[in-house]
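**Student:**
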Amino acid sequence: MIQSMTGYGKSVLQLPTKKISIELKSLNSKNLDVNARMPSMYRAKELDIRKLLAKHLVRGKVDFSLYVEITGEDTSSKINKTVVKEYIKQLKDVVDGDDVELLKMAVRLPDAVTTERDDIDEEEWLKIAEGINEAISKIVNYRKDEGAILKQDFTDRITTLKELLNQVIAMDPERIEGVRARLEKGIADIKEKVDENRFEQELVYYIEKFDITEEKVRLDNHLDYFIKTLNSDDSNGKKLGFISQEIGREINTIGSKSNHAPMQKLVVQMKDELEKIKEQLLNVL
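In structure tokens:
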């Protein structure tokens, strides 16, 4: 089943002294590109987080965010009382003001508040890891839902290509007959006598140059293979992209060989459908 690279997942943990929110957003990208935002105390686990994301998300531009909201008495920020008192003393020498206003000014100055970096508690980390897995599960489900929409769109467009190919196949005998008629008329117009056997040999050679039998067969096979890959268990956008290139190659060859305006109109419609498929494939995992 194909997956989109577009997705979103979120989980929220309530720990004894803090609330932790984990968010994952992803967009399409050729490779995995992870942008991780988190408080400095959790940076030691960043490599583990990246490995976990790579395992489950595989590809895409991924934004990982971990937010912490202190809800209890525990805090890593402490007021440096000695520094604040010294700031207030100096401010009193400069301006007149009550102590509350001077305190507001003092705590904004450098070193008034210090941050103590604590090591991550392993029990806390295990709970955070569970939250990350929950967010990953949600973003994967989101990707699958988006993938189901893409799959239906691809199926509809491949069906349209099949219908256009059938019209090309039905039209081909008329096209070949038209090529033959134009050649015979051309010879008649110049009013020259020709060796009938030699003319027939040259005619066969010329018509073979415009023969699209192999292209029709290969294109039909490529369309079937696209649907088979689309219905496989794995999501493989790169493989579908390669198949679409082969489809385009056969369509282009049919267009260059057709030498028949009605068939070329069908080829233009086929190219239009294929371009829409290629555009959507950029978002498939």
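Read in order, the letters of the sequence shown are residues 1 to 285 in UniProt numbering. Where is the CB? At the ideal position from N, CA and C, for every residue including glycine. Model, not experiment: these values are computed from the prediction.
1) May I ask you to report which of helix, strand or coil DSSP gives residue 80?
2) Given a cut-off of 7 Å on the beta-carbon distance, is the pair residue 24 and residue 54 in contact?
3) Would a C-beta distance cut-off of 7 Å place residue 163 and residue 215 closer than the cut-off?
4) Measuring only the C-alpha atoms, how far is residue 143 from residue 10?
5) For residue 53, which three-state DSSP category applies?
6) What is the DSSP secondary structure of residue 141, counted as helix, strand or coil?
7) Considering only C-alpha positions, which residue in the set 2, 99, 131 is nearest to residue 49?
8) For residue 34 versus residue 21, is the C-beta spacing smaller than 7 Å?
9) If you count every other CB in all the chains shown that lies within 10 Å of the CB of residue 151, and 16 or more means buried, which is it?
10) Kindly indicate which three-state DSSP category residue 310 falls into: helix, strand or coil?
11) Please name the residue in 134, 242, 129 whose C-alpha comes closest to that of residue 47.
12) For residue 178 and residue 242, what's the separation of their Cα atoms in angstroms?
13) How should residue 6 be labelled, buried or exposed, when 16 other C-beta atoms within 10 angstroms of its C-beta is the threshold for buried?
14) Anyone know if the C-beta pair for residue 4 and residue 37 falls short of 7 Å?
15) Measure the CB-CB distance between residue 285 and residue 255 and report whether it falls below 7 Å.
16) Which parts of the UniProt domain "Endoribonuclease YicC-like C-terminal" (171-284) are runs of the alpha helix (DSSP H), unbroken and 4 residues or longer, counting only runs that do not cross its ends?
17) With a Cβ-Cβ cutoff of 7 Å, do residue 158 and residue 227 count as a contact?
18) Going by beta carbon distance, what residues of the same chain come within less than 8 Å of residue 39, once the five residues before and after it are set aside?
**Tutor:** Put simply:
1) Reading the sequence shown from its first residue, position 80 is the one you call residue 80. Coil at residue 80, not helix or strand.
2) Residue mapping note: residue 24 aligns to position 24 of the sequence shown, counting from 1. Residue mapping note: residue 54 aligns to position 54 of the sequence shown, counting from 1. No; because the gap between Cβ atoms is not below 7 Å, this pair is not in contact.
3) By one-based count along the sequence shown, residue 163 stands at place 163. By one-based count along the sequence shown, residue 215 stands at place 215. Cβ distance not < 7 Å, so residue 163 and residue 215 don't count as in contact.
4) Counted from its first residue, the sequence shown places residue 143 at position 143. Counted from its first residue, the sequence shown places residue 10 at position 10. Using only the alpha carbons, I get a separation of about 14 Å.
5) Start at 1 with the first residue of the sequence shown, and residue 53 comes out as number 53. Helix at residue 53.
6) For the purposes of this step, residue 141 is taken as the residue at position 141 of the sequence shown. Residue state for residue 141 is assigned as helix, using DSSP reduced to three classes.
7) Locating residue 49 in the sequence shown gives position 49, where the first residue counts as 1. Comparing Cα positions, the closest option is 131.
8) One-based indexing of the sequence shown puts residue 34 at position 34. One-based indexing of the sequence shown puts residue 21 at position 21. The Cβ atoms of residue 34 and residue 21 do not sit closer than 7 Å to each other.
9) Against the sequence shown, residue 151 aligns to sequence position 151. Buried, by the Cβ-count rule.
10) Absent from the model: residue 310. The displayed extent of the chain is 1 to 285, so no value can be given.
11) Taking the sequence shown and counting its residues from 1, one reaches residue 47 at position 47. Of the residues 134, 242, 129, the one whose Cα lies closest to the Cα of residue 47 is 129.
12) For this step, residue 178 is matched to residue 178 along the sequence shown. For this step, residue 242 is matched to residue 242 along the sequence shown. The straight-line gap from Cα to Cα measures roughly 35 Å.
13) Here residue 6 refers to the residue found at position 6 when the sequence shown is read from its first residue. Burial call: buried.
14) The residue you call residue 4 lines up with position 4 of the sequence shown. The residue you call residue 37 lines up with position 37 of the sequence shown. No, they are not a contact pair.
15) As a position in the sequence shown, residue 285 is number 285, starting the count at 1. As a position in the sequence shown, residue 255 is number 255, starting the count at 1. No. Outside cutoff.
16) Listed in chain order, the complete alpha helix (DSSP H) runs (minimum 4 residues) inside the UniProt domain "Endoribonuclease YicC-like C-terminal" (171-284) are 196-209, 213-230, 237-258, 261-281.
17) Within the sequence shown, numbered from 1, the residue matching residue 158 stands at position 158. Within the sequence shown, numbered from 1, the residue matching residue 227 stands at position 227. It is a contact, given that the beta carbons lie within the stated cut-off.
18) By one-based count along the sequence shown, residue 39 stands at place 39. Cβ neighbours of residue 39 within its own chain (closer than 8 Å, five residues either side excluded): 66, 68.
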